[in-house]
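K.L.:
For the sequence shown, this note's numbering begins at -7 and goes up steadily by one. Note that beta-carbon positions come from the ideal geometry of N, C-alpha and C, so glycine has one too.
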Amino acid sequence: MANYKSYGYQYETSPRKLQPEYEPKKNPYKKKKSSVSKKQTTNKKVSKNPVSKKKNKYNYKPVAYIMLTFAMLFTISYRNSLINEKYNEKESIKSQVSAVQKENEQLKVSIENSLNLSSVAKAAEDKLGMQKLDNNQKIYLDLKKKDYVEPASEEVIINDNMSWFDRLLEKLTQIIK
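#1: What is the residue span of the alpha helix (DSSP H) that L107 lies within?
#2: In the DSSP assignment, find the alpha helix (DSSP H) that holds D158 and state where it starts and stops.
#3: What is the DSSP secondary structure of N153, reduced to helix, strand or coil?
#4: On the three-state DSSP scale, how would you describe N80?
#5: Do you know whose CA, among S102, L65, V112, lies nearest Q123's CA?
#6: So what's P54 in DSSP terms, helix, strand or just coil?
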């Protein structure tokens, strides 16, 4: 091996090469290390980062917002499901109503067909054994056109001006006669 000291070893350890030529700026956001001894950490439970307690307080807000958002979305979806149920009920009732209306129309048509004179005559002949009239079954009557109303033979007198005693006497006289 060669003697490095005689040629001037390029990577020698001089104090000038160990220290940088500029000084870096300190980062204000960098966490400082606490100077807690090992004895203190074993005896007491001391948190290393006092900032982490503040972070724990702030961690509940996003969770609360997420829970609130979930509750709102659940409420909206539940309301929409109720609306869909009621809509489906309404549609099923509409279909039932239309079916009943269709059946009513068919029944009206069948009633009109059954009330036709020819169908009534046919049913009377088939079911009841009825027949149409013949000429020998017809009887003609001759009614005299005479007035059968008789004129009144009694004379009716109405006196409202009479007292009750006079009316009583008149009735008694009519009974005696």
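P.N.:
To lay it out plainly:
#1: Segment: none, L107 is in no alpha helix (DSSP H) and carries neither H nor E.
#2: 156 to 168
#3: Three-state DSSP puts N153 in coil, outside helix and strand.
#4: helix
#5: V112
#6: helix
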